[in-house]
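**Student:** Protein chains in written order, with the working numbering: chain A, 1 to 384; chain B, 385 to 679.
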Amino acid sequence: MNHWRAPLNLLLLLAISTLLATFTGCGPSGGGDTISIGEFASLTGKEAAFGQSSHKGTLLAIEDINAAGGVLGKKINFIYEDNRSTPGESATIVKKLITRDNVVAVLGEVASGRSLEAAPICQANKIPMISPSSTNPKVTETGDFIFRVCFIDPFQGTVMAKFAKAKVNARKVAVLSDVSAPYSLGLAQYFKEQFTADGGAIVSEQKFSSGDKDFKAQLTAIKGTSPEAIFVPCYYTEAGLIVRQARQLSITVPLLGGDGWEAPELIQIGGEALEGCFYSTHYSPEDAAPAVQDFVKKFKAKNGGEIPDAMAALGYDSAMVLAEAIKKAGTTDGPKVRDAIAATKDYMGVTGKTTLDANRNATKPAVILAIKDGKFKYVETITP
Amino acid sequence: MEFLQQLINGLSLGAIYALIALGYTMVYGVLRFINFAHSDVFMVGAFAGFYLGRVLPAASFGGGLLVLFGAMVICAVLGVVIEKLAYRPLRGRSTLTVLITAIGVSLLLQNAGQLIFGANPKSFPKLFPQHNFTFGGMVLSSDQIAVFVVTIAILLGLHYIVMKTRIGTAMRALSFNPTAASLVGINNDMVISFTFALGSALAAAGGILYAINYPSIDPLMGTLPGLKAFVAAVLGGIGNIPGAALGGVLLGLIETLVVAMGGSTYRDAVAFAVLILILLVRPSGLLGKLQAEKV
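(1) Using CA atoms only, rank isn't needed, just tell me which of A:Ala291, A:Tyr236 and A:Leu249 is closest to glutamine 268 of chain A.
(2) Go to glutamine 123 of chain A, then tell me how far its alpha helix (DSSP H) extends in each direction, as first and last residue.
(3) Which residue or residues does DSSP assign as beta-bridge partners of alanine 366 of chain A?
(4) Check this for me: beta carbons of glycine 627 of chain B and glycine 636 of chain B, under 8 angstroms apart or not?
(5) With distances taken Cα to Cα, identify the nearest neighbour of glutamate 47 of chain A among A:Gly73, A:Ala61 and A:Arg114.
(6) So the candidates are A:Val103, A:Val104 and A:Ile146; which of them puts its Cα closest to the Cα of glutamate 117 of chain A?
(7) Go to tyrosine 329 of chain B, then tell me how far its alpha helix (DSSP H) extends in each direction, as first and last residue.
(8) Determine the DSSP secondary structure at glycine 38 of chain A, reduced to helix, strand or coil.
(9) Please list, in chain order, the chain B residues whose beta carbon lies closer than 7 angstroms to that of aspartate 214 of chain A.
(10) Got a sec, what are the start and stop residues for the alpha helix (DSSP H) threonine 281 of chain A sits in?
(11) Alanine 503 of chain B CB to nearest chain A CB: under 8 angstroms?
(12) Does DSSP put tyrosine 347 of chain A in a helix, a strand or coil?
(13) Roughly how many whole angstroms lie between the Cα atoms of asparagine 516 of chain B and glycine 305 of chain A?
(14) What three-state label does DSSP hand cysteine 26 of chain A in the structure shown?
(15) Comparing the CB of glycine 69 of chain A with every heavy atom of the ligand MG, is any distance shorter than 7 angstroms?
(16) My assumption, with CB atoms under 8 angstroms, is that glycine 32 of chain A sits in contact with valine 103 of chain A. Please give the rounded CB distance.
(17) In terms of residues, what are the limits of the alpha helix (DSSP H) holding serine 205 of chain A?
(18) Could you give the first and the last residue of the continuous alpha helix (DSSP H) run that contains glutamate 89 of chain A?
(19) Measure the C-alpha to C-alpha separation of isoleucine 400 of chain B and threonine 535 of chain B and round it to an integer number of angstroms.
(20) Confirm, please, whether the CB-CB distance from valine 414 of chain B to valine 575 of chain B is below 8 angstroms.
(21) How about proline 599 of chain B and serine 423 of chain B: do their beta carbons lie closer than 8 angstroms?
(22) What do you reckon, are the CB atoms on alanine 312 of chain A and serine 131 of chain A nearer than 8 angstroms?
(23) Can you pull the chain A neighbours of valine 658 of chain B, defined as C-beta to C-beta under 7 angstroms?
(24) If you draw a straight line from the alpha carbon of glycine 27 of chain A to that of proline 182 of chain A, how long is it in whole angstroms?
(25) Check distances from the C-beta atoms of the region 541 to 553 of chain B to those of chain A and list, in chain order, the residues that come in under 7 angstroms.
(26) Might you give, ordered along the chain, the residues of its own chain that have their beta carbon closer than 6 angstroms to the beta carbon of glutamine 390 of chain B, omitting 5 neighbours on each side?
(27) Isoleucine 500 of chain B: buried (16+ other C-beta within 10 angstroms of its C-beta) or exposed?
(28) Alpha carbon to alpha carbon, what distance is there between serine 444 of chain B and glycine 429 of chain B?
(29) For a cutoff of 8 angstroms on Cβ pairs, would you count serine 648 of chain B as touching chain A?
(30) If you draw a straight line from the alpha carbon of glutamate 63 of chain A to that of valine 296 of chain A, how long is it in whole angstroms?
(31) Would threonine 535 of chain B pass as an interface residue toward chain A - the criterion being a Cβ-Cβ separation below 8 angstroms?
(32) If you check the beta carbons only, do phenylalanine 50 of chain A and valine 110 of chain A fall under 8 angstroms apart?
(33) Determine the direct distance from the alpha carbon of leucine 619 of chain B to that of alanine 653 of chain B, and round the result to whole angstroms.
(34) Based on DSSP bridge pairs, tell me the residues matched to threonine 354 of chain A.
(35) Quick check: the Cα distance between glycine 552 of chain B and glutamine 218 of chain A, rounded to an integer number of angstroms?
(36) Do you know whose CA, among A:Phe231, A:Lys216 and A:Phe163, lies nearest glutamine 248 of chain A's CA?
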């Protein structure tokens, strides 16, 4: 029996030290000279390109705010955690941010599915949450503490449907969407509604699950219905593979996507197969507006010449909108900050003029980009 | 015409499953345990191809084959090392012990992969020249042709090794009765090492063919194809080499046809339903022989 003692003692020691660590962990962040703001992001894993971009943008905003003296005379203490792009992690992380790090507000996520995991927790704790770029309507429907600084899928889907009709001259369109992503299903639905309302026909509707690599069966079925364009609302990893496999099956029509395509990885995976495809997004770094050019310059200087994409711009705007609101509220009290965020009107952000509506969603213009010579090229801006 | 195109899609997917399934089946044949680390050797194979492929100047036929061969050698060495360090000390223990060790090795490779290669998906370079061949509405890409050619060549080579060479005879003898094999002078450890080397080289080939067709690779990429290949091996009759090839091709076809008929969300569910069905109806697999378990 004696040989059991050593491991048991060790276990006890471990338990005690973990407990102690938990208690002491509360100390510094509860201090009076900083304001803690939390972020949960997909810094690794499948959507890491989004998470990293958005995170870099947010980080730049926090630095700008702190350089200008912080908010309410205090510096911002920025605490971020990685959810590895997996389901189930975000809820745990946000709980930790709120209960252990005592954050006054939460920023995050790009993917709607993961924002939906975190939103109920922020709502229950009366902590305002601003999502930089989750476009699914359900995210802010969770409750009155949940906001976003981007447009929502009904608008994005409508924009793409109109574009397909007017500029691609397509009357027959096939849709290939991801059943495991609320983002993808929402976008597909709003696209279909607008496109059929305008007199177009959806000739084929195919589905896949996140993480699939083989789409040839779906694409072969789509090819049989000879559409004039294919709408593929999904994230960049799958989009790149889908476009490539479509070209391998000699499908030559343009493929259309949403802001989930916005990542350099799309071009790395898709290569020249992407030429002549289009997608809708939040901003273009080619925009001549001073706010945009100033942001692009600062971002490039900080991140080794990397050009910021829409996720970075929205990450930046989300932190800025929050800081403005805390300043206006004059306190970090949850409900008061919430009221101040809700009152955001005509805020000139990097991604355009932002006004939050009664449903806590931003109304702002969308931008259509094309892929040409392996680069994202600005096509047009569509205002709501 | 659409059906024929789906058939081609299914066959090229099935051929990759078959290559991975062969590794499972060969190790099972000689050691009677499922090497769950096999699917992660498959992943290492793809990453070996990724790093070797960057050294090559351009997508050329010879260069592609060289990368394929290099990755196979790297994985063969890895397979032998895994067997030496993890499985050999457990020789003679219950198969459950070895099975759990295999799961441990699998987790080790996945997490070491995330540490070394990074957790973000990487885009796989083009190894072979790209071209699409069209036959009256049907399209066959050069990558698919590469899959067929490599798989058939490897199957023929494997058949030759197992049936016509001394080491192959030794493998079959060991599979039949390990004690008797060592009594007639077969070095069992050497034969087992060789089997692991061969099986892991096949996983590497599978990994590279998978990556050129689906060019986004990450350290967890092995899990699902690995499980599917395991289903394929059981479907064909685990321990049986032609069975693994048949099982792989059948599974690829079944999956593709399920998706083609509109059941894309049930793709994985159907693959695993096949496993349950085969275990209920014909536990020894399509080509496997029924063996009475000694109790």
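Don't be surprised by glycine CBs; every beta carbon is placed ideally from N, CA and C.
Predicted model, so just to flag it, every value in this text is computed and none were measured.
**Tutor:** In brief:
(1) A:Tyr236
(2) 112 to 124
(3) Its beta-bridge partners are A:Ile382.
(4) no
(5) A:Arg114
(6) A:Ile146
(7) Residue 329 of chain B falls outside the range modelled here, since chain B spans only 385 to 679, and no answer is possible.
(8) Three-state DSSP puts glycine 38 of chain A in a strand.
(9) Leu397 and Tyr598
(10) Counting along the chain, threonine 281 of chain A falls outside any alpha helix (DSSP H), though it belongs to the beta strand (DSSP E) covering 278 to 281.
(11) yes
(12) In this structure, tyrosine 347 of chain A counts as strand in the three-state DSSP scheme.
(13) Asparagine 516 of chain B and glycine 305 of chain A have their C-alpha atoms roughly 37 angstroms apart.
(14) Because the pLDDT at cysteine 26 of chain A is just 41, under 50, the model does not fix this residue reliably, and the value given afterwards should be weighed accordingly. Of the three classes helix, strand and coil, the one that applies to cysteine 26 of chain A here is helix, per DSSP.
(15) Among the components of this structure there are no ligands whatsoever, and the ligand MG is therefore not found.
(16) Not confirmed; about 15 angstroms, so no contact.
(17) Checking the sequence, you will find glutamate at residue 205 of chain A rather than serine. Premise fails: glutamate 205 of chain A lies in the beta strand (DSSP E), 201 to 208, not in any alpha helix (DSSP H).
(18) 89 to 99
(19) Answer to the nearest angstrom: the Cα atoms are 8 angstroms apart.
(20) yes
(21) no
(22) no
(23) Ordered by position in chain A, no residue passes the 7 angstroms Cβ test against valine 658 of chain B, which lies about 17 angstroms from the chain.
(24) Reliability fails at glycine 27 of chain A, whose pLDDT of 38 lies under 50, so the model's placement of it is uncertain and no value is given.
(25) Hits within the stretch: zero.
(26) Thr640 and Ala644
(27) Exposed is the call here.
(28) Each residue's alpha carbon lies about 19 angstroms from the other.
(29) yes
(30) 15 angstroms
(31) no
(32) yes
(33) 15 angstroms
(34) A:Tyr347
(35) 42 angstroms
(36) A:Lys216
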